[in-house]
Amino acid sequence: MKKIHQIEQLGKYTPSTNKKPKKFHPPAHRFNPNRYSQAEWVRLGLTPKQAAIILKFCKFPLKSNDDLRKIFVLPDELYQLIKDSTFYENGPHYSLNECVKFPEKNLAVQKINVAKMDSAQLVDLPGIGPFYAKMVMRYEKALGGYHSKEQLLEVYKMNEDIYAILSKYLDFSETNLRKIYINSATKDDLAKHPYIDIWQANSIIKMRKQLGGFQSLQELLDSHLIINETFEKILPYVSL
């Protein structure tokens, strides 16, 4: 009888009606995205960081939902919730695709020293989002620092528009390159550098053993694997 009672009780079980909280919320009323505050965007379901990035784009300002939808941090799920509740005012407008031409008087951004820059400073630049900030800093770490703007073209997924913005706002007059000491570096230390492959690293180690240590950086050119072009690229990053 006890088992029958338990089965009857199981039959009476009904699933919990507790629903998972919605991630995004529709606005309470129609609104102009250009005038929305960070707190208001957060109330719709964005993170504070996403909201801060949207505010940067709204400075252009946005002219239509087409512009709004182009903002890479705005999830499509939230866009679908708000698209019918937005309105825009007529006035001067600068396309998001033309952010490089944004008027100087509205850009209170000073030149950034590449030797001291960080991701937060890069994200503050017009048109530079978290992705490119991360890629630029990741390559800076791999290189041991930038010494010329042309090196930015080597960054993963770099394009002409992003390169133009970075070239304009980054200052390369002062550098602080991290050196690889070729008389003590391991093969792995050398091969980690973007300008040195594993075969060149192995060649440098073999030459060092044969010579009993390098006396001059020019001796690197004695390796048939290191041509003049490679030597010129690695020269700022190596030391005895």
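Residue numbering for the sequence shown follows my numbering, starting at 1 and increasing by one per position. Beta carbons are placed, not taken as given, at the ideal position from N, Cα and C, and that holds for glycine.
Looking at the unbroken alpha helix (DSSP H) that takes in Ile204, where does it start and where does it end?
-> Ile204 -> alpha helix (DSSP H) spans 198 to 211.
Rounded to a whole number of angstroms, what is the C-alpha to C-alpha distance between Glu174 and Pro194?
-> About 22 Å.
From which residue to which residue does the alpha helix (DSSP H) around Asp135 run?
-> Checking the sequence shown, residue 135 turns out to be Met, not Asp. Counting along the chain, the alpha helix (DSSP H) containing Met135 begins and ends at 130 to 143.
Taking all protein chains shown into account, do 16 or more other C-beta atoms lie within 10 angstroms of the C-beta of Trp41, making it buried, or fewer, making it exposed?
-> By the 10 Å Cβ count, Trp41 comes out buried.
Backbone CA spacing between Ala191 and Leu122 [nearest angstrom] | Ala191 and Leu122 have their C-alpha atoms some 28 Å from each other.
Please confirm if the stretch 51 to 60 is in contact with the stretch 70 to 83, defined as three or more CB-CB distances below 8 Å between the two stretches.
-> A contact between stretches requires three or more CB pairs, one per stretch, nearer than 8 Å, and the stretch 51 to 60 meets this requirement with the stretch 70 to 83.
Pull up the distance between the alpha-carbon of Ile204 and that of Asp222, whole angstroms please.
-> Taking C-alpha positions only, Ile204 is separated from Asp222 by approximately 10 Å.
If you draw a straight line from the C-alpha of Pro130 to the C-alpha of Glu140, how long is it?
-> Going from the Cα of Pro130 to the Cα of Glu140 covers about 15 Å.
Buried or exposed: Asn34, going by 16 or more other Cβ atoms within 10 Å of its Cβ?
-> Note on Asn34: 16 or more other CB atoms within 10 angstroms of its CB, so buried under the neighbour-count rule.
Confirm, please, whether the CB-CB distance from Thr86 to Phe31 is below 9 Å.
-> Contact flag set, yes.
What's the call for Leu166, buried or exposed, on a 16-neighbour Cβ count within 10 Å?
-> Counting other Cβ atoms within 10 Å of its Cβ, Leu166 reaches 16 or more and is therefore classed as buried.
Hey, could you find the ends of the alpha helix (DSSP H) Val123 is sitting in?
-> Counting along the chain, the alpha helix (DSSP H) containing Val123 begins and ends at 119 to 123.
Would the beta-carbon of Lys157 fall within 9 Å of that of Met137?
-> Lys157 places its beta carbon 9 Å or farther from that of Met137.
Straight-line Cα distance separating Asp118 from Ser37 = Here the alpha carbons of Asp118 and Ser37 stand approximately 26 Å from one another.
Pick from Cys58, Asp66, Leu62, Leu78 that is closest to Arg43, judged by C-alpha positions = Answer by Cα proximity: Leu78.
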